[in-house]
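Engineer:
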Amino acid sequence: MIFRDELPIYIQIMNLIKIQIVNGEFKSEDKLLSVRDLAKELKVNPNTVQRAYQELELEGLVETKRGMGTFIKEDDKILEKLKNDLAEKIVLEFLDKIKNLGFTNEEIVNIIKKEIGKEN
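Count the sequence shown with the UniProt record's numbering and you get residues 1 to 120, in order.
(1) Within 8 Å: the Cβ of PHE71 and any heavy atom of the ligand MN?
(2) Please report how far the alpha carbon of GLU74 lies from the alpha carbon of ILE116, in whole angstroms.
(3) Counting C-beta neighbours from all protein chains within 10 Å, is the total for ALA87 16 or more, i.e. buried, or is it exposed?
(4) Report all residues from its chain with a CB closer than 7 Å to the CB of LEU79; omit the five preceding and five following residues, and keep chain order.
(5) If we ignore side chains and look at the alpha-carbon of each, how far apart do ILE111 and PHE103 end up?
(6) Check the DSSP bridge columns for ILE72 and list the partner residues they point to.
(7) Run through DSSP, which three-state label would LYS43 get?
(8) With C-beta atoms as the reference, is ALA52 less than 9 Å away from ILE11?
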């Protein structure tokens with residue numbers, strides 16, 4: 001994984017795990033890599049991974065079982081909210097970028113309709 005400078009690394013790790021949850025790479029009750037193993041894989045400090053895991057736990061996405069590791073929580077409502085939150089973030093970033101190019105709302109809608117029509 002290549003980390004970007006504009007976001008703290010622990011947030012980028014959190015986002016990676018969130019996307020893996022939404023994509024189904026992680027399912028409820030799946031065990032995450034240990035802090036050390038993930039830190040070694042990502043070539044980051046273990047404290048950075050620990051911070052990401054702690055923040056994910058505060059958000060209710062994972063739970064740490066003492067002596068066993070960190071696991072994805074089994075809560076469909078939280079997972080659905082995560083999926084919707086990520087989608088909203090992507091849409092807002094897209095709208096911000098395309099509006100900065102000078103497109104009007106109507107032009108944006110037409111571009112989206114055109115692209116969605118290509119999928120059929």
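All C-beta atoms in this analysis are idealised placements derived from N, C-alpha and C, irrespective of residue type, glycine included.
Structural biologist: The relevant details are as follows:
(1) As presented, the structure is devoid of all ligands, the ligand MN included, so that no description of it is given.
(2) 33 Å
(3) exposed
(4) ILE21
(5) 10 Å
(6) VAL62
(7) coil
(8) yes
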